[in-house]
Amino acid sequence: MKAISFAGALTLATVAFAGDNAAPPLPLGLSPKLYELTVPKPPTPAQVALGEKLFNDKRLSADDSVSCATCHDPAKAFADGKAQAVGIKNQVGQRNSPTVLNALFLATQFWDGRAGTLEDQAKLPILNPIEMGMPSPEAVVTKVKAIPEYSAAFKQLNGRDVTYDDIAAAIAAFERTKLSGNARFDRFLAGDSKAFSAQEKRGWALFNGKGRCNSCHAGNAVSPLFSDQKFHNIGIAAHKQDFVQLASEAIRVVRAGDEQQIDRLALETKFSELGRFLVTRKENDIGSFKTPTLRNIGVTGPYMHDGSLTTLWDVMDHYNKGGIPNPYLDGGMQRLGLTEPEIDDLVAFMFALTSDDFQALEKKEFARQRGLKNKRPERDTDAAMGKKGNLGDLAPNPDIKNPADVGLYGPVVKAEK
Amino acid sequence: MRKGVKSIETKHYEERDSFFDGLRRMDRRGFMRLAGLSAGIAAAKGLVTPQSFQLISVAEAAPSARPKFSFAYISDSHLYKKELNDRFVRSLVRAVDDVNRLDPQPDFVLYGGDLAQLGQKEELDLGKQILKSLKAPVKMMVGEHDWFLDMGEHWRALFGEPQYSFDHKGVHFVTLMSVNEKDFWTARGMTPMERMQTVAGLDNGLQSRFEVGQPGREWLKADLAKVDKNTPIVVFSHSPLYKYYKPWNFWTDDADDVQALLKPFKNVTVIHGHTHQMLSNQIGNISFHGMLSTAWPWPYAPEGLPSLTVPMNRPDPFSNFDGCGDGRMDVLEGGLVDKLYNLWDRDPVTVKATYLASNGKQDRPPSSRLPPY
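Residue numbers (the working numbering), protein chains in the order written: chain B, 1 to 417; chain R, 1 to 373.
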C-alpha cells in the first residue's frame, strides 16, 4: 500500500476500505475461525476481478491455447475430469489436476506439496514446459504488459508496472474466494435431519469406524476439509512395476549428495512417482502424496495423484485390499474387510460431500460411476477379506453409532448464510 | 571480530596446514585415492582448484571408519498363529523383504530372539518358514518367549544350541543365551503354559531376573580364552548385558560378571533385542546397541535410560508399523559397528561407532524435537 502512486490512490482507497477485514459470507460448514486464520486480509474485489480474468486467459500460455481454467474448470468443480492434466500442444502431464475449491485452506500446494502458498503455486504451471510452456517469468511479464487492459489494471491496482509476483498475487486472490461447503452433509449437521439418507448415515459411521477413512481424512468443525494435509504412500505409485528400482536409484543419488541431479530426476517423468520425496529428500516420503480434501470428491474424479482410479468404487477397492504393497507403504494401510453394501454406503457418503452448486454434476457423475460398478480393476475381495496375502488383521466390527450423535464432528457453528 | 569467530585467513591457514600435515602422514595408495577423489569433486563442482583443503582429513580418517562387511538384524517378531494375528506375520515378512533388498547383501542376518509369542510349535515353525526366504544366511538367537513353554526343546530342534561362537572376516562373534531364569515354577506347581505366560508378562513379581548363569559364563570364559585381545568381539544377547529397569525385566542379573569377562578386549560390541526400542549405551570398553522389534515398540522406561540413547518419539497410534523396523550393522575396519535403524514409518537413523566410543562427544545422531514416549 505504501508504494502506490498518487493517481491510483483515490480509487484504491475506496476499494481497500470496502475490502479490508470484511470476511465474505461463508458457505455452510466452513468455520469462520479457520477463514480468519487462513486469510488475515481478504482480497479486494479489484484484485479478485483481475485474478479471475487472468485465471481464464489462455494468453498466459506460450501458444494461447491453455489457461488455468483449462485444468481447473469452474464448470467441473475446478478440476478437469481427466486422469492427467493436458497442457499446450496436447502434452499429457504426470499428475491429476486437483480442485481449486478450498485450496486456500491447504498448508501446501501441489500433490507433493512443493509450493507453500497459492502465489507460489500459480507461478509454476505457467512456466512448466508441459503445462503452459512460457519460457521465463520475464516473458510472461512482457506478454501481459503488452495487453493494454492488463497493463492499465495492474498499474491502477499496485501503482507500478506489472511484475510476475503481481500476476501470481492476483490469481491467488481470485482463488482465495473459491470456498466450498453447502453439502448435504453440512445441512444434516446444521440440524436438517432429512438431508441425509439412511445409506449416507451408515456411510459416515463406516467412514469413522470400520473403513478407518478418518485416520487421514478426518473432518471436524474446526478442520472441515476431510484431509490431514499430510503425505502418505498408499501404494498408488507402486502400480508402476519399476517402483522399487526407481526408489533405490533415487536414494543412491540423494546419499551421494547430488541434490541437483535429483531435481533433474524430478522433471523426468518416471521419477515424479516418488512424490514428496523429491521435495524433502527423506526416505520416509518415498511415493507419498498429499491427502486430498474430500469436499466435492464425487465430482472431481478421476482419483489419486495420477488419476489412475476412475471411480470412488475403485478407490474403495484400493483401500479395502490394503493398498498396493511396496517397501514404503504407509504403516496405517491395512485391509479393511468391507462388504459390497458397505462400499456402496461409503461411496454414498462421499457423494454427500458435494456442494449444492454442483447438484446436476453430482447426479451425472454418480450415475456414470455407478454404471462402471461392474468394471472394477482394483477389486480383490480375497485380499480384502484376508483369504490371501498378509495384509493385516481387521479391527473388530465396531458398534459405532452415528458420529453426529456421538459428537465426533464437534460443535457445529451456525451458518452465516 | 566477535570472540570465537575465526577470520577467513585463519581458517585458510589452518586448512592448509592440515592438508600438508595429512600429506606427510599418508601412504601412496591413500594419496592416489585422495587425488582421484578431490579431482572428481573439483570437476563436479566446476572448480579449477579445490577451494578447501578439508577433504584430506576426511579421506585420511577413512581407513578405520570404512565398513569391512555388514550384517542385518531382525528381532522380536512375537508371532502368534496366523489365524489369531496376522499383523506380526506381515511385519516379519516385511523385514525379510527389507533385508533381501539390501544392496550390497549383508554377509548374514542375525535374528535377535522372541520369534514366537508363547513358545508354541506352530509359532516357531511359522517363524522358521518365513525366515527361510532370506537370501543371506541366518544366525539365530533365543528369547524368553521362545523358551519357557518346553524349556527350549522345540527351538533346539529347529535351530540347534542357543549358545555358540564363530569367526567371520577377522571378527569373533559370540551368541549368548542370556534369558535363563531361576526356577520359580516347580515350587508353585505351575503348568508349562502358566510358566510361559508368567515369563511373557512384562511386570510381575513372580519370575526371577534374566541371567547368563554360571555355566554360560564358564562357557564364555573358555571360548574367549582362545581369542587374541586385539581381535574385535561382537556379542549377541537377547536381554541387554547391562542393568536397565528391573521392574520390566529389561535386566540381566549377572551383567557385571559378563562385562568383566569382556573387559580385556580392545573392541567389544554387544547387540541385544528384547527392549524393542532405540538404545545406545557405553560401559568402559563395551558399546551396547539395542535393536528394534518388528512387532511393537515399548515405551522407554521411566528411569535408568542409558545416557547415550537418542530416544525416538512416541509412535503414531494410527500406524501398525510406526516405531518398528529392522536394521543393519556395518562392521568397521577398526572392529566397532555403525548401526542403522531402519524404522518403517520414519527416516532411517544411523548411530555411528564414533558416537559411542567418544561417549557422545562426536557424531550425535539427530534427535526428534518431539518428546520421547
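Cβ coordinates follow ideal geometry from the N, Cα and C atoms, glycine included.
Buried versus exposed call for residue i [16 or more other C-beta atoms within 10 Å across all chains shown]
i: B:Glu340; result: exposed
i: B:Arg160; result: exposed
i: B:Ala7; result: The pLDDT assigned to B:Ala7 is 37, lower than 50, so where the model puts this residue is not dependable, and the model offers no usable value.
i: R:Pro137; result: exposed
i: R:Asp183; result: exposed
i: R:Ala116; result: buried
i: R:Lys45; result: Caution is warranted here: a pLDDT of 36 is assigned to R:Lys45, below 50, making its placement in the model unreliable, and the coordinate value is therefore given only provisionally. Exposed: under 16 other Cβ atoms inside 10 Å.
i: B:Thr44; result: buried
i: B:Ala46; result: buried
i: R:Glu9; result: Bear in mind that a pLDDT of 46 at R:Glu9, under 50, signals an unreliable position, so the number given afterwards is only what the model happens to contain. Exposed, because fewer than 16 other Cβ atoms sit within 10 Å of the Cβ of R:Glu9.
i: B:Met350; result: buried
i: B:Asp165; result: exposed
i: R:Met151; result: exposed
i: B:Lys194; result: exposed
i: R:Val269; result: A small fix is needed here, since residue 269 of chain R is Thr in this sequence, not Val. Buried, by the Cβ-count rule.
i: B:Thr269; result: exposed
i: R:Asp118; result: The amino acid occupying residue 118 of chain R in the given sequence is Leu; Asp does not appear at that position. So R:Leu118 ends up on the buried side.
i: R:Pro366; result: exposed
i: B:Val140; result: buried
i: R:Thr186; result: exposed
i: B:Lys210; result: buried
i: R:Ile41; result: A caution first: R:Ile41 carries a pLDDT of 39, below 50, which makes its placement in the model too unreliable to give a value.
i: R:Arg29; result: In this prediction, R:Arg29 has a pLDDT of 47, which is less than 50 and means its spatial position is unreliable; what the coordinates show is noted afterwards. Looking at its Cβ environment, which holds fewer than 16 other Cβ atoms inside 10 Å, R:Arg29 is exposed.
i: R:Gly263; result: It is Lys, not Gly, that sits at residue 263 of chain R in the sequence shown. Result: exposed.
i: R:Ala61; result: Reliability of the predicted coordinates at R:Ala61 is poor, the pLDDT of 43 falling under 50, and no value is obtained from them.
i: B:Glu365; result: buried
i: B:Pro222; result: Before going further, note that residue 222 of chain B is Val rather than Pro in the sequence given. So B:Val222 ends up on the exposed side.
Test item: CB-CB of residue i and residue j under 7 angstroms
i: R:Lys139; j: R:Phe159; result: no
i: B:Val48; j: B:Thr177; result: yes
i: R:Asp114; j: R:His78; result: yes
i: B:Leu361; j: B:Leu294; result: no
i: B:Phe231; j: B:His217; result: no
i: R:Leu92; j: R:Thr275; result: no
i: B:Lys58; j: B:Val66; result: yes
i: B:Pro27; j: B:Leu189; result: no
i: R:Asn230; j: R:Gln282; result: no
i: B:Asn402; j: B:Ser355; result: no
i: B:Met134; j: B:Ile147; result: no
i: B:Thr311; j: B:Leu372; result: yes
i: B:Phe154; j: B:Phe55; result: no
i: B:Asn182; j: B:Phe243; result: no
i: R:Asn267; j: R:Gly335; result: yes
i: B:Val406; j: B:Ala77; result: no
i: R:Asp322; j: B:Gly331; result: yes
i: R:Lys81; j: R:Glu122; result: yes
Residues bridged to residue i (per DSSP)
i: R:Leu73; result: The residue you asked about is not Leu; residue 73 of chain R is Tyr in the sequence shown. Paired residues: R:Leu110, R:Gly327.
i: R:Gln282; result: R:Ser287
i: R:Val89; result: DSSP, once it has assigned bridges, lists no residue as partnering R:Val89.
i: R:Glu211; result: R:Asn180
i: R:Pro372; result: R:Asn313
i: R:Tyr242; result: Its beta-bridge partners do not exist; DSSP assigns none.
i: B:Asn90; result: DSSP, once it has assigned bridges, lists no residue as partnering B:Asn90.
i: R:Leu332; result: R:Pro67
i: B:Gly275; result: B:Ser288
Fill in: Uninterrupted alpha helix (DSSP H) stretches inside the segment 299 to 361 of chain B (no shorter than 4 residues)
312 to 320, 340 to 351
Fill in: Selection of the segment 273 to 302 of chain B by Cβ proximity to chain R, strictly under 7 angstroms
Lys282, Glu283, Asn284
Worksheet item: If you scan the segment 178 to 261 of chain B from start to end, which runs of the alpha helix (DSSP H) of 4 or more residues do you find wholly inside it?
Response: 184 to 189, 198 to 208, 214 to 217, 243 to 255
Item to complete: Could you name the residues of the segment 236 to 249 of chain B whose beta carbon sits closer than 8 angstroms to any beta carbon of chain R, in the order they occur along the chain?
Response: Val244, Ser248
Worksheet item: Between the segment 71 to 96 of chain R and chain B, which residues of the former have a C-beta closer than 7 angstroms to a C-beta of the latter?
Response: Asn85, Asp86, Arg87, Val89, Arg90, Val93
Worksheet entry | Residues within the segment 330 to 350 of chain B neighbouring chain R, beta-carbon criterion of under 8 angstroms | Asp330, Gly331, Gly332, Gln334
Worksheet item: What are the start and end residues of each continuous alpha helix (DSSP H) run of 4 or more residues lying completely inside the segment 48 to 84 of chain B, in chain order?
Response: 68 to 71
Worksheet item: Listed in chain order, which residues of the segment 331 to 350 of chain R have Cβ atoms closer than 7 angstroms to some Cβ of chain B?
Response: Trp344, Asp345, Arg346, Asp347, Pro348
Item to complete: Pull out every residue of the segment 304 to 327 of chain R whose Cβ sits closer than 7 angstroms to any Cβ of chain B, in chain order.
Response: Phe318, Ser319, Asn320, Phe321, Asp322
Worksheet item: Listed from N- to C-terminal order along the chain, which residues in the segment 137 to 164 of chain B have their beta-carbon within a distance smaller than 7 angstroms of any beta-carbon of chain R?
Response: none
Item to complete: Residues of the segment 96 to 107 of chain R with a CB closer than 8 angstroms to any CB of chain B: list them in chain order, please.
Response: Asp97, Asp98, Arg101, Asp103
Worksheet item: Going along the chain, which unbroken runs of the beta strand (DSSP E) with 3 or more residues stay wholly within the segment 110 to 152 of chain R?
Response: 138 to 140
Worksheet item: In the segment 205 to 225 of chain B, which residues sit with their C-beta less than 9 angstroms from some C-beta in chain R, listed in chain order?
Response: Arg212, Ser215, Cys216
Worksheet item: For the segment 50 to 75 of chain B, which residues have a beta carbon sitting closer than 7 angstroms to at least one beta carbon of chain R?
Response: none
Worksheet item: Going along the segment 300 to 329 of chain B in order, which residues come within less than 8 angstroms of chain R, judged by CB to CB distance?
Response: Pro327
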